[in-house]
Amino acid sequence: MEPVVHLHSTVALLGRFPALAGVDLDVDPGEIVLLRGPNGAGKTTVLRLCAGLVAPTRGEAVVLGVDLTVDRRSIRPLVGMMGHATGLYDDLTVAENVRFWARAGGADPADAGAAMDRVELAARVRSLPVERLSAGQRRRASLAAMLVRRPRLWLLDEPHAGLDAAARDLVDSLVTEASSVGATVLFASHELDRAEAVATRTVTISGGMVVGDSAAHLSAPVLEATHGA
Amino acid sequence: MTESVPAPPAVGPTSTSSRGTRVLGAVCLVGLAVTGLYAFVVTGPDVRLGNSVRIMYVHVPTVTAAYCLMIANAGFSIYTLWKKSTFADLAAHACAEVGVVMLGLTLVVGAIWGRMTWGAFWVWDARLTTTALLFLMYVGYLAVRGLPAPPRVRATRSAIVGIAAACLIPVVHKSVEWWASLHQNETVLGKVNPNIEGNQYFTLMLSMVVFALVAVWLTIHRFRVLWLTEQLDEVGVDAAIDERRAEHTGVEVGR
Amino acid sequence: MVHDALIIAGKDLRLEARSRVALNQVLPFVLAVVLLFGFALDADTALLRRATSGLFWVTVLFSAVIMVQRSFAIERQDGVTDALRLSSLSPGGIFLGKVVSLFCQLIVVEVVLGLCVVVFYDVTLSGGALLAVVSVVATLGIAAAGSLYGPLAAGLRNRDTLLPLLLLPVLAPILLGASRAFETALGRGVGGGWQWAAMLGIFAAVYLALGVAVWGTLLEET
Amino acid sequence: MIAAITTNSWWLIILAWVITGVVLAWYAVATIRRGRRLSRQVPPESRRWL
């Protein structure tokens, strides 16, 4: 089974600063991997690198079969990213935003309604400009804009931050559902108790390197067995 | 293998000049002296232009050098985008900067020449206007280059502005030419270098060559200064990576 | 590519319809400039009438700078640039989309400005065909140049004063061509209006081609 | 038709030459000085051309 993400001693520079100083990480399809570690350890950079937004300056980086050192553009439509930034137009309504991002992602704008249902956005909220939404509603709208494109690799940067309990359960259920359908999820989080409940594997990052991997002592087949059941 | 601490700057050459540039520098100085001599002493005033032709010996070469530098800038910019090479990026910057200095000079000298020929510092003459526009466009180029950004981003941005500016040179040239020709008080000069002959023509050609060499000499030195600045930053990368790895605090390894 | 452009243009125009920035801010600005020129030239209607084409296009240029600033500030909203990179829209398509949306908004500004000029400067319009063609081609050039320099200079804290420096010198040939062509259209010009229109066409073509070619690296690197 | 060419305005011609000379000299010196200052800080092996 070819790994969705294969990073080997990958170095990534942000300007002059080596955000990643040699990351080794392999993620298989269907896995839900939690990236944990102190702030500034490089978690977000790993996510952005996998999304093709940051260029690997050294080492290997292959995501969804695409070698990022050669081409960072072709994987982007297959990847869904959600971070602190919503990536929505404040002046447009939620529905308009989701429909636009659907069209932009090559998906059918009609699916926008379904995506907004899945994130449980109230009908009233959908016609409000994003500007007037609460943080939780913004996050749901941002999630809907990502869902509608049906990405194969989810890259979430602290998805639980600033959400109420209901919204967090929703995020977890969506993540698990996506994983069961074969999508792969890589997310960074500080809320370890909740995050570890949903993650199938925990990877610790510090100083721009992977320093711990809960699946390390499990050999691949064992992982497959437990995960497959 | 990674050089942990940048080696103290050993004795090595201590400036951007090298044997090649010293020779070129000497040739330039001699050339300038000879041109000056010719311009002021050997050649007489022009039959129609009078003494103002002596300004032409400075005005024409600087504007020609500036144009060549801008074309070089465009060439390097294309190469930067195509091959993503730092060398071309820095070379484009050097060319543009020397080019802007030359364009600035052309404007000042052109104004003086205007003052002499038409009694007014600024005349909406086709060449002067075009030069002024190009000067502004390349000041914009240097402004874009001045923005704080990672080197790769800065290189791409500047390359795009460089290419865009170069694409405009013919358009600006043509439109201003048309525009100036619409005006009644067509300048007496017509073409920039009237068919002066004899040693005046030689002086002009001589000063063209000398100013070209001066431009090349300046660009080389400017390039090397940029190269040094780049190296200064680059040296830090390996050290930064080691520093970064050392930063790894003893975070409890995954269960 | 064209499909992508329409998506982006649709979004921009819908966003404009919702936020009405052009309507509420740019049009009043245009009216203000028309009046200011009146004060500056001491309401000498003969002079204003003679200078109309020049004043018209200077006003259009200034409005264009504001609109380009606005058009690319909205793309700077948090996370939108990344989302655009992650979408499957071709960079050339996004560029053309921005050009189309800027073009439409600028045409609206020009129509309103035309009315103001007729009213305030007592100008009698003539040579309609040339006026229309020149306006379309010049506006296309302005929108194309604006969309190329926009991402470089718009919406970032220490950069918003950079756009006029970058854009205005580049638009000089447009100002030249459009105002001379307008003059011939309004019956006072000396030279061939259609020649100028051709030059404006070349300018627009150069910038459209350049924009489509380099916008990809621009989106990637800014 | 055109303003009389002030043929004897020598000082303008000299001014033109002086300005050109001064500006180019200043620019050259500034670049050389900056080059010297930087050369001291950069380790020799990365100064390929020297």
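Protein chains in written order, with our numbering: chain A, 2 to 230; chain B, 592 to 846; chain C, 74 to 295; chain D, 71 to 120. Just so you know, even glycine gets a beta-carbon here, dropped at the ideal spot from N, CA and C. These figures come from a predicted structure and were not determined experimentally.
Next item on the list: For P761 (chain B), count neighbouring Cβ atoms within 10 angstroms of its own Cβ and tell me buried if that reaches 16, exposed if not.
Entry: exposed
Check: Just reading off the alpha helix (DSSP H) that L94 (chain D) is part of, what are its end residues?
Finding: Where L94 (chain D) is concerned, the enclosing alpha helix (DSSP H) stretches over W80 to Q111.
Item checked: Contact set between the stretch 64 to 83 of chain A and chain C, restricted to residues whose Cβ is under 7 angstroms from the partner -> R77, P78, V80 and M82
Check: What does DSSP give as the partner residues of A189 (chain A) in its beta bridges?
Finding: DSSP output for A189 (chain A) lists A:L36 and A:D158 as bridge partner(s).
Note to self: By alpha-carbon positions, which one of C:Q150, C:V107 and C:L225 ends up nearest to S136 (chain C)?
What the structure shows: C:V107
Next item on the list: Taking only the alpha-carbon atoms, compute the straight-line gap between A52 (chain A) and R73 (chain A) and give it to the nearest angstrom.
Entry: Cα-Cα distance, rounded: 8 angstroms.
Next item on the list: Report all residues from its chain with a CB closer than 6 angstroms to the CB of H191 (chain A); omit the five preceding and five following residues, and keep chain order.
Entry: Same-chain partners within the cutoff: there are none.
Item checked: Given V644 (chain B) as reference, the closest of B:G705, B:Y658, B:V800 and B:W770 once Cα atoms are compared -> B:G705
Next item on the list: Spatial neighbours of R153 (chain A) within its chain, please: CB distance less than 6 angstroms, with the 5 preceding and 5 following residues excluded, ordered by chain position.
Entry: The residues are L79 and A184.
Margin query: By alpha-carbon positions, which one of A:L21, A:T11, A:A200 and A:R133 ends up nearest to D179 (chain A)?
Written below: A quick correction: the sequence has Ala, not Asp, at residue 179 (chain A). Comparing Cα positions, the closest option is A:A200.
Next item on the list: Assess, as a yes-or-no matter, whether the stretch 161 to 175 of chain A is touched by the stretch 115 to 130 of chain A under the definition of 3 or more beta carbon pairs within less than 8 angstroms.
Entry: At 8 angstroms Cβ cutoff, the stretches touch.
Next item on the list: Return the bridge partner residues of V63 (chain A) from the DSSP annotation.
Entry: A:H7 and A:D68
Notebook entry, point to check: For V689 (chain B) versus I89 (chain D), is the C-beta spacing smaller than 8 angstroms?
Noted result: No, the Cβ-Cβ distance between V689 (chain B) and I89 (chain D) is not below 8 angstroms.
Checklist line | Proximal residues to Y732 (chain B) (C-beta, below 7 angstroms), its chain only, five neighbours per side dropped | finding: A687, S749, V752, G753 and A756
Notebook entry, point to check: Using the rule of at least 16 other Cβ atoms within 10 Å of the residue's Cβ for burial, across every protein chain shown, is T197 (chain C) buried or exposed?
Noted result: exposed
Checklist line | Candidates C:I81, C:D195, C:D151 and C:L221, of which the one nearest A282 (chain C) by Cα | finding: C:L221
Notebook entry, point to check: Is it true that the CB of A226 (chain C) sits closer than 8 angstroms to the CB of Y280 (chain C)?
Noted result: No. Outside cutoff.
Next item on the list: Check whether the stretch 89 to 109 of chain A touches the stretch 150 to 159 of chain C, counting contact only when three or more Cβ pairs, one atom from each stretch, lie closer than 8 angstroms.
Entry: yes
Note to self: Taking CB distances under 8 angstroms as the criterion, tell me whether D680 (chain B) reaches chain A.
What the structure shows: no
Next item on the list: Determine the DSSP secondary structure at T197 (chain C), reduced to helix, strand or coil.
Entry: When DSSP states are grouped into helix, strand and coil, T197 (chain C) belongs to the coil group.
Notebook entry, point to check: Can a CB atom of chain D be found closer than 8 angstroms to the CB of S608 (chain B)?
Noted result: True, the Cβ-Cβ gap to chain D drops below 8 angstroms.
Item checked: Anticipated Cβ contact below 8 angstroms, Y648 (chain B) with L795 (chain B), distance rounded -> That pair is a contact at about 6 angstroms.
Checklist line | 3 or more residues per run - each beta strand (DSSP E) lying fully within the stretch 93 to 170 of chain A | finding: If we require 3 residues or more, the beta strand (DSSP E) runs fully inside the stretch 93 to 170 of chain A come out as 154 to 158.
Note to self: Can you pull out the residues from the stretch 140 to 168 of chain C whose beta carbon lies closer than 7 angstroms to at least one beta carbon of chain G?
What the structure shows: Protein chains A, B, C and D are contained in the structure displayed, whereas chain G is not.
Next item on the list: Give the interface partners of V93 (chain D) over in chain B, defined as CB-CB distance under 9 angstroms, in chain order.
Entry: V692, G695, L696 and V699
Notebook entry, point to check: Which full runs of the alpha helix (DSSP H) of 4+ residues lie inside the stretch 639 to 708 of chain B, going along the chain?
Noted result: 644 to 674
Notebook entry, point to check: Can you tell me the Cα-Cα spacing of E558 (chain B) and G208 (chain A), whole angstroms?
Noted result: Here chain B comprises residues numbered 592 to 846, so residue 558 (chain B) is not present and cannot be evaluated.
Next item on the list: Under 7 angstroms between beta-carbons, which chain A residues line up against I854 (chain B)? List them in chain order, please.
Entry: Not covered by the structure: residue 854 (chain B). The range shown for chain B is 592 to 846.
Note to self: Taking DSSP's pairing of strands, which residues face T213 (chain A) in a bridge?
What the structure shows: For clarity, residue 213 (chain A) is Gly in the given sequence; the question names Thr instead. According to DSSP, G213 (chain A) bridges with A:T205.
Check: Helix, strand or coil for F18 (chain A) per DSSP?
Finding: strand
Check: Since W770 (chain B) meets chain C, which of its residues come closer than 8 angstroms, beta carbon to beta carbon?
Finding: L249 and R253
Note to self: Measuring straight from C-alpha to C-alpha, what distance separates V28 (chain A) and V5 (chain A)?
What the structure shows: 6 angstroms
Notebook entry, point to check: What do you reckon, are the CB atoms on G148 (chain D) and H684 (chain B) nearer than 8 angstroms?
Noted result: The requested residue 148 (chain D) does not occur in the structure, where chain D is confined to residues 71 to 120.
Checklist line | Three-state class that DSSP yields for G81 (chain A) in the structure shown | finding: strand
Check: Under 9 angstroms Cβ-Cβ, which residues of chain A neighbour L96 (chain C)?
Finding: Ordered by position in chain A, no residue passes the 9 angstroms Cβ test against L96 (chain C), which lies about 13 angstroms from the chain.
Next item on the list: Reducing DSSP to helix, strand and coil, say where G58 (chain A) ends up.
Entry: Correcting the residue identity first, residue 58 (chain A) is Thr in this sequence and not Gly. The three-state secondary structure of T58 (chain A), taken from DSSP, is strand.
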